[in-house]
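Right, one structure below, let's go through it.
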Amino acid sequence: MKPIERFLRETDRVPLMPMPTPLHPMHYQPSGKDVSLLIKRDDMTGVGPGGNKIRSLEFLLGEARSKGASKILAAGPEQSNLCALTAAACAKAGLDCELIINAAEPARKEGNLLLEELLGTKIHFLGPCDGTVRNRRMEELAAAYQSAGEQVYVVRNGATTGRGALGYTAAVVEMKRQCEDLGIGRMTIFAPGGNGGVAAGLIYGNQLMGQPFRIVIVSVEDDRETLTAHIRSTISEAEEITGLPMDVSVEQAAEITDAYRGGGWGENTKESQQAVLSFARSEGIFIENVYTSKVLVGMMDWIEQEKVSGPVCYLHTGGLGSLFAQY
Ligand SMILES: *Cc1c(COP(=O)(O)O)cnc(C)c1O
Numbered sequence: 020m021k022p023i024e025r026f027l028r029e030t031d032r033v034p035l036m037p038m039p040t041p042l043h044p045m046h047y048q049p050s051g052k053d054v055s056l057l058i059k060r061d062d063m064t065g066v067g068p069g070g071n072k073i074r075s076l077e078f079l080l081g082e083a084r085s086k087g088a089s090k091i092l093a094a095g096p097e098q099s100n101l102c103a104l105t106a107a108a109c110a111k112a113g114l115d116c117e118l119i120i121n122a123a124e125p126a127r128k129e130g131n132l133l134l135e136e137l138l139g140t141k142i143h144f145l146g147p148c149d150g151t152v153r154n155r156r157m158e159e160l161a162a163a164y165q166s167a168g169e170q171v172y173v174v175r176n177g178a179t180t181g182r183g184a185l186g187y188t189a190a191v192v193e194m195k196r197q198c199e200d201l202g203i204g205r206m207t208i209f210a211p212g213g214n215g216g217v218a219a220g221l222i223y224g225n226q227l228m229g230q231p232f233r234i235v236i237v238s239v240e241d242d243r244e245t246l247t248a249h250i251r252s253t254i255s256e257a258e259e260i261t262g263l264p265m266d267v268s269v270e271q272a273a274e275i276t277d278a279y280r281g282g283g284w285g286e287n288t289k290e291s292q293q294a295v296l297s298f299a300r301s302e303g304i305f306i307e308n309v310y311t312s313k314v315l316v317g318m319m320d321w322i323e324q325e326k327v328s329g330p331v332c333y334l335h336t337g338g339l340g341s342l343f344a345q346y
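For what it's worth, this note's numbering labels the leading residue of the sequence shown as 20, then goes sequentially.
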């Protein structure tokens, strides 16, 4: 057992997922290319509509519980996947959850907001304001509850923190074992980069597990340099938590592309909109416009350009809750 595996086994964690999530071949296989396409079903993480944030929440809620917290705060935009998944995870873990959302309360709730309503989650609607203001309001609310004697745990930065990233470090261990069981050779994984938490956990885990995978991160938001800096700082936080340093740079450990992000977060491209449709129609699996479709476009382009060969895995990070509010 590697030191990182021991750490992950021993650190505080709330089990939320039926593990492992499926890893299976895709129906679509490109002809004339030396690749076999697989999909890792992290849209099926077992709580709410599923998605990557559940992996982070196992470790974040684990920390919350070990600190004796009874109330969890999370913040995000109107259709935040993190917010709905935190609310659902807290329901399962028996923790009280409140959300801070920088939008006005709509008359009709759709997508993730509808799920939060069904969960009975208390939501503080701030009206339109930027993320910095929203996050400050969350800290103020946390401080107010604390001084009233309540133990509060804050889920910061969309769960992209050193501890949150451990979710995808654990996913590397899980996928390595799955590939060994299925007899899959060295696999390339395509994954999204938003705040960079998924990417940080994957890259860090991959290094500490002896590089079982080649990792390609498709930015959906920032330019390559900015995303790389976010990933680096999140990995540094993870290193501090585990005491296990990653001995190479982010640039050496993974490939990061910003060629498919279009106008940035939430700005669809023509190709990403088409990808949502073609994926549903060939796989019977739904992806969405903000994250997962851009990764698919990037992966297909790399295959077309023959920049990858062998087993190629599309990491489906979920986002189904938001899809219903994207049309
Ligand atoms: C949050 C999210 C991501 C991106 O995660 P980061 O850790 O912020 O890079 C990707 N896909 C979906 C569906 C998400 O909700």
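For glycine and all other residues, C-beta sits at the position ideal for the given N, C-alpha and C.
I need the DSSP call for residue i, collapsed to helix, strand or coil.
| i | result |
| --- | --- |
| ARG233 | strand |
| THR207 | strand |
| LYS141 | strand |
| THR247 | helix |
| THR276 | strand |
| PRO22 | helix |
| ASP115 | strand |
| SER50 | coil |
| SER255 | helix |
| GLY303 | coil |
| ALA126 | coil |
| GLN197 | helix |
| GLN345 | coil |
For residue i and residue j, what's the separation of their Cα atoms in angstroms?
| i | j | result |
| --- | --- | --- |
| PHE78 | CYS102 | 16 Å |
| GLY281 | VAL239 | 8 Å |
| LEU132 | ASP53 | 43 Å |
| GLU256 | THR180 | 7 Å |
| THR140 | ARG233 | 40 Å |
| ASP200 | LEU42 | 11 Å |
| GLY283 | LYS86 | 37 Å |
| ILE73 | LEU35 | 7 Å |
| GLY229 | GLU24 | 12 Å |
| TYR310 | GLY177 | 14 Å |
| LYS90 | CYS109 | 9 Å |
| TYR184 | GLY220 | A small fix is needed here, since residue 184 is Ala in this sequence, not Tyr. Cα to Cα, ALA184 sits roughly 4 Å from GLY220. |
| GLY95 | PRO49 | 37 Å |
| SER328 | GLU274 | 15 Å |
| GLU323 | SER291 | 16 Å |
| MET20 | GLY337 | 30 Å |
| ALA161 | SER301 | 46 Å |
| GLY168 | ARG153 | 23 Å |
| ALA112 | GLU159 | 25 Å |
| ARG127 | GLU135 | 13 Å |
| GLY285 | SER99 | 11 Å |
| GLN293 | GLY303 | 15 Å |
| ARG84 | SER341 | 28 Å |
| ARG28 | GLY202 | 25 Å |
Leaving out the 5 sequence neighbours to the left and right, which residues in its chain are closer than 7 Å to residue i when beta-carbon positions are compared?
| i | result |
| --- | --- |
| ARG182 | PHE78, LEU79, GLU82, ILE260 |
| GLU129 | PHE343, ALA344 |
| ASP242 | ASP277 |
| PHE144 | ILE120, ALA122, ALA123, GLU124 |
| ARG156 | ILE119, LEU145 |
| GLU97 | ILE120, ALA122, LEU132 |
| GLN197 | PRO39, LEU42 |
| ARG32 | GLU77, PHE78, GLY81 |
Would you say residue i and residue j are within 9 Å of each other, going by their C-beta atoms?
| i | j | result |
| --- | --- | --- |
| VAL217 | ALA88 | no |
| GLU193 | PRO39 | yes |
| LEU137 | THR105 | no |
| GLY213 | PRO330 | no |
| GLY224 | THR188 | yes |
| GLY65 | PRO37 | yes |
| ALA93 | VAL174 | yes |
Per DSSP, residue i is paired with what?
| i | result |
| --- | --- |
| SER55 | PRO330 |
| VAL174 | ALA93 |
| ILE120 | GLY95, PHE144 |
| HIS43 | ILE58 |
| GLY337 | GLY70 |
| SER238 | GLY212 |
Leaving aside the five residues before and after residue i along the sequence, list all residues of the same chain whose C-beta is less than 6 Å from its C-beta, in chain order.
| i | result |
| --- | --- |
| PRO231 | LYS195 |
| VAL314 | PHE209, PRO211, VAL237 |
| ILE250 | GLY215, ALA218, ALA219, VAL269 |
| PHE26 | THR261 |
Leaving out the 5 sequence neighbours to the left and right, which residues in its chain are closer than 8 Å to residue i when beta-carbon positions are compared?
| i | result |
| --- | --- |
| GLN226 | MET265, ASP266, VAL267, ALA272 |
| LEU339 | ASP62, PRO68, GLY69, GLY70, PHE305, GLU307 |
| TYR333 | MET45, LEU56, LEU57, ILE58, LYS59, PHE209, VAL314, LEU315, MET318 |
| ALA299 | PHE305, ILE306 |
| LEU246 | GLY212, GLY215, ALA218, ILE236, SER238, GLU240, ILE275, ASP277 |
| ASP115 | SER89, LYS90, ILE91, CYS109 |
| HIS335 | ILE58, LYS59, ARG60, ASP61, ASP62, ILE304, ILE306, THR311 |
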